[in-house]
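The structure under discussion appears below in the form of structure tokens.
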Amino acid sequence: MNASSTTPSVTEVAQKQMKHTCEHHAECMKIIQAILDDEASEAEKDHFRENMDKCIPCIEAYRLEKCIKDSLTLKIVKKPCPESILNTIMSKINS
Numbered sequence: 501m502n503a504s505s506t507t508p509s510v511t512e513v514a515q516k517q518m519k520h521t522c523e524h525h526a527e528c529m530k531i532i533q534a535i536l537d538d539e540a541s542e543a544e545k546d547h548f549r550e551n552m553d554k555c556i557p558c559i560e561a562y563r564l565e566k567c568i569k570d571s572l573t574l575k576i577v578k579k580p581c582p583e584s585i586l587n588t589i590m591s592k593i594n595s
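Okay, so the sequence shown: first residue is 501 according to my numbering, each after it adds one.
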């Protein structure tokens with residue numbers, strides 16, 4: 501059985517049902533950062549999962565932020581702080 505060329509695909513139908521603007525983008529960005537930093541509560545994670553299924557800007561923001569974080573993680577070389585510098589900083593803090 502062939503589908504008509506005018507029949508919308510599942511993807512097209514899903515995109516039409518999704519939000520193309522986010523009314524609370526600043527709050528969503530805070531939750532996205534908390535999720536990526538592994539600091540989000542279960543309630544925040546649940547809220548984001550529900551919202552992400554409906555909101556194109558949140559999906560795009562999450563993907564971009566995750567990509568940036570992953571890229572930085574691969575580029576950063578972690579080096580321990582020399583003991584002498586640590587001692588100098590601690591002595592200045594305590595004085």
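Every residue gets a Cβ at the ideal spot worked out from N, C-alpha and C, and that includes glycine.
{"Asked": "Outcome for CYS567 when other beta-carbon atoms lying within 10 angstroms are tallied against a minimum of 16", "Found": "exposed"}
{"Asked": "Distance between beta carbons of THR521 and PRO580, contact taken as under 8 angstroms", "Found": "Going by Cβ atoms, the distance from PRO580 to THR521 rounds to 46 angstroms, so no, they are not a contact pair."}
{"Asked": "Test item: CB-CB of ALA534 and ALA526 under 9 angstroms", "Found": "no"}
{"Asked": "Local Cβ density within 10 Å of ILE531, reported as buried at 16 or more and exposed below that", "Found": "buried"}
{"Asked": "ASP538 versus ASN587: straight-line alpha-carbon distance, rounded", "Found": "31 angstroms"}
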